[in-house]
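Written out below as structure tokens is the structure these notes cover.
Protein chains: 2
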Amino acid sequence: MRIRGNLIIISGPSGSGKGTVCKAMFDSMTDLHLSLSATTRQQRVGEQDGVDYYFLSRPEFEKMIAEDQLLEWANVYGQYYGTPMEPVLNAVNQGKDVILEIDVQGAFLVRKKFPTCVLIFLIPPSRLALEKRLKNRATDSEKEIEQRLKWAESEIQQVAYYDYLIINDEVEKAAYKVVNIINAERCRPALLDIESLMNKYRV
Amino acid sequence: MRIRGNLIIISGPSGSGKGTVCKAMFDSMTDLHLSLSATTRQQRVGEQDGVDYYFLSRPEFEKMIAEDQLLEWANVYGQYYGTPMEPVLNAVNQGKDVILEIDVQGAFLVRKKFPTCVLIFLIPPSRLALEKRLKNRATDSEKEIEQRLKWAESEIQQVAYYDYLIINDEVEKAAYKVVNIINAERCRPALLDIESLMNKYRV
Numbered sequence: 001m002r003i004r005g006n007l008i009i010i011s012g013p014s015g016s017g018k019g020t021v022c023k024a025m026f027d028s029m030t031d032l033h034l035s036l037s038a039t040t041r042q043q044r045v046g047e048q049d050g051v052d053y054y055f056l057s058r059p060e061f062e063k064m065i066a067e068d069q070l071l072e073w074a075n076v077y078g079q080y081y082g083t084p085m086e087p088v089l090n091a092v093n094q095g096k097d098v099i100l101e102i103d104v105q106g107a108f109l110v111r112k113k114f115p116t117c118v119l120i121f122l123i124p125p126s127r128l129a130l131e132k133r134l135k136n137r138a139t140d141s142e143k144e145i146e147q148r149l150k151w152a153e154s155e156i157q158q159v160a161y162y163d164y165l166i167i168n169d170e171v172e173k174a175a176y177k178v179v180n181i182i183n184a185e186r187c188r189p190a191l192l193d194i195e196s197l198m199n200k201y202r203v
Numbered sequence: 001m002r003i004r005g006n007l008i009i010i011s012g013p014s015g016s017g018k019g020t021v022c023k024a025m026f027d028s029m030t031d032l033h034l035s036l037s038a039t040t041r042q043q044r045v046g047e048q049d050g051v052d053y054y055f056l057s058r059p060e061f062e063k064m065i066a067e068d069q070l071l072e073w074a075n076v077y078g079q080y081y082g083t084p085m086e087p088v089l090n091a092v093n094q095g096k097d098v099i100l101e102i103d104v105q106g107a108f109l110v111r112k113k114f115p116t117c118v119l120i121f122l123i124p125p126s127r128l129a130l131e132k133r134l135k136n137r138a139t140d141s142e143k144e145i146e147q148r149l150k151w152a153e154s155e156i157q158q159v160a161y162y163d164y165l166i167i168n169d170e171v172e173k174a175a176y177k178v179v180n181i182i183n184a185e186r187c188r189p190a191l192l193d194i195e196s197l198m199n200k201y202r203v
């Protein structure tokens with residue numbers, strides 16, 4: 001009955017819990033396709049090409065930029081990160097839902113190239129809650145955390161441009177909301193084979 | 001966090017299973033508000049005013065029409081049927097979701113007056129399946145069933161104007177999809193108190 005899948009973007013400030021919520025969601029929905037990023041950064045011990053990232057050389061990445069083969073990309077401290085378009089389009093055209101976990105800036109870039117994507121904004125209930133998360137994960141300095149909190153404050157201003165907003169107070173509850181959104185979006189007439197339904201009603 | 005509820009319209013051809021699906025859905029979601037119709041037809045034994053219908057006199061109903069107090073109305077074989085607007089608005093403004101089970105024509109009339117409503121189209125998987133249901137419920141003559149099947153065929157042409165399409169092959173599955181849609185629609189930024197969220201992120 002489905003003729004097309006959805007591109008579901010889970011976005012939100014750094015530290016909003018995107019990764020944890022996605023993991024919980026993948027536990028309860030097994031038919032999703034996780035979009036994989038490409039990067040030029042060094043492959044770390046234990047990381048696998050095509051599993052953790054597509055690890056590309058700088059010329060390979062720049063060729064993809066030049067040929068418009070990325071849904072979005074950014075240069076972070078001299079290393080490229082981006083979302084290759086082809087695997088996403090292939091999955092969606094095969095009727096699969098693709099999940100893309102990405103920051104707020106990236107989300108809006110993707111929507112420009114893929115206007116029918118579904119944008120979900122995930123955010124902890126308060127600045128204090130976000131600050132706690134950032135401190136707990138202990139990957140950022142005090143100064144970086146302060147910067148990320150400032151960004152979060154300005155990113156919330158964009159929430160009206162999102163299709164859905166999820167307050168991430170509990171991981172399981174937030175993941176359940178994402179599952180509901182994915183299931184609901186599967187009922188959009190534009191994704192379904194209306195022509196064949198109509199045929200089943202003709203005499 | 002919610003500042004407004006949704007008006008969820010469950011619509012579809014006569015015999016599509018709207019009532020059965022709604023019943024199953026109300027069993028699993030207890031915080032919904034079912035919209036009640038008003039009618040001028042005779043109250044039957046066992047029916048209660050304000051429970052089964054709002055039973056109105058003809059002048060009362062015509063006053064509501066004249067004062068634009070109905071979301072939609074129709075005259076069926078000389079008796080009026082319609083949806084009073086005030087109880088729906090009150091519930092929605094109190095942050096409650098209102099469920100309105102209504103035919104296709106009525107659904108589009110409601111959307112004109114309440115453009116932010118959520119339109120769900122429910123339909124059995126084929127003409128044959130619909131025919132079986134209509135014959136099983138045994139309330140219509142052969143001729144009426146033939147007429148209803150013809151209407152269904154033309155009503156499907158409208159499905160692209162709906163927000164969601166649910167093929168009702170199994171009641172439990174269809175009800176689960178409606179529940180998912182209701183939960184998803186609760187995450188719309190326009191229904192949530194964004195201002196208070198923003199305040200929680202200001203220093």
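Heads up: the sequence lines are chains A and B, in that order.
Just so we're aligned: the first sequence equals residues 1 to 203 in the numbering used here.
Just so we're aligned: the second sequence equals residues 1 to 203 in the numbering used here.
All C-beta atoms in this analysis are idealised placements derived from N, C-alpha and C, irrespective of residue type, glycine included.
Nothing here was measured: the structure is a model prediction, and the numbers come from that model.
Coil, strand or helix - residue i by DSSP
i      : result
B/L56  : coil
A/D27  : helix
B/L119 : strand
B/E67  : coil
B/L165 : strand
A/T20  : helix
B/R4   : coil
A/L197 : helix
B/L32  : strand
B/S141 : coil
A/S126 : coil
B/E47  : coil
A/S154 : helix
Cβ-based burial, residue i [other Cβ within 10 Å; buried from 16]
i      : result
B/N93  : exposed
B/K132 : exposed
A/L128 : exposed
A/Y161 : exposed
A/Y77  : exposed
A/D27  : exposed
A/V178 : buried
A/A190 : exposed
A/G46  : exposed
B/R203 : With the sequence shown as reference, residue 203 of chain B is identified as Val, and Arg is not the correct amino acid for it. Counting Cβ neighbours within 10 Å, B/V203 comes out exposed, since fewer than 16 surround it.
A/A138 : exposed
A/P13  : buried
A/E86  : exposed
B/G15  : buried
A/E72  : buried
A/R58  : exposed
A/A66  : exposed
Integer Cβ distance of residue i from residue j, believed to fall under 8 Å
i      : j      : result
B/A24  : B/E172 : 6 Å
A/L167 : A/I123 : Correcting the residue type first, residue 167 of chain A is Ile in the shown sequence and not Leu. Yes, A/I167 and A/I123 are in contact; Cβ-Cβ is about 6 Å, under 8 Å.
A/I3   : A/G95  : 7 Å
B/V98  : B/V88  : 5 Å
A/I156 : B/Y201 : 6 Å
A/M29  : A/I182 : 7 Å
A/L34  : A/Y54  : At roughly 13 Å, the Cβ-Cβ gap does not stay under 8 Å, so A/L34 and A/Y54 are not in contact.
A/L192 : A/M1   : 6 Å
B/A152 : B/V21  : Not really, about 16 Å apart at Cβ, beyond 8 Å.
B/D169 : B/P125 : 5 Å
Alpha-carbon to alpha-carbon, residue j and residue i
i      : j      : result
A/I8   : B/E142 : 47 Å
A/Y164 : B/S196 : 17 Å
B/A38  : B/G82  : 5 Å
A/M64  : B/S11  : 47 Å
A/N6   : A/C117 : 6 Å
A/T40  : A/P84  : 13 Å
A/Q43  : A/G50  : 11 Å
A/G17  : A/I102 : 11 Å
B/F61  : B/Y80  : 7 Å
B/A74  : B/L109 : 10 Å
A/L70  : A/G19  : 22 Å
B/K113 : A/K113 : 34 Å
B/K252 : A/D31  : The requested residue 252 of chain B does not occur in the structure, where chain B is confined to residues 1 to 203.
Test: residue i CB closer than 8 Å to a CB of chain C
i      : result
A/A175 : Looking for chain C here will not work: the only protein chains present are A and B.
>> Which complete alpha helix (DSSP H) runs does the region 75 to 113 of chain B hold, if anything under 4 residues is left out?
In response: 85 to 93, 104 to 113
> At what residue ranges does the region 170 to 194 of chain B contain a whole run of the alpha helix (DSSP H), taking only runs of 4 or more?
Replying inline: 171 to 185
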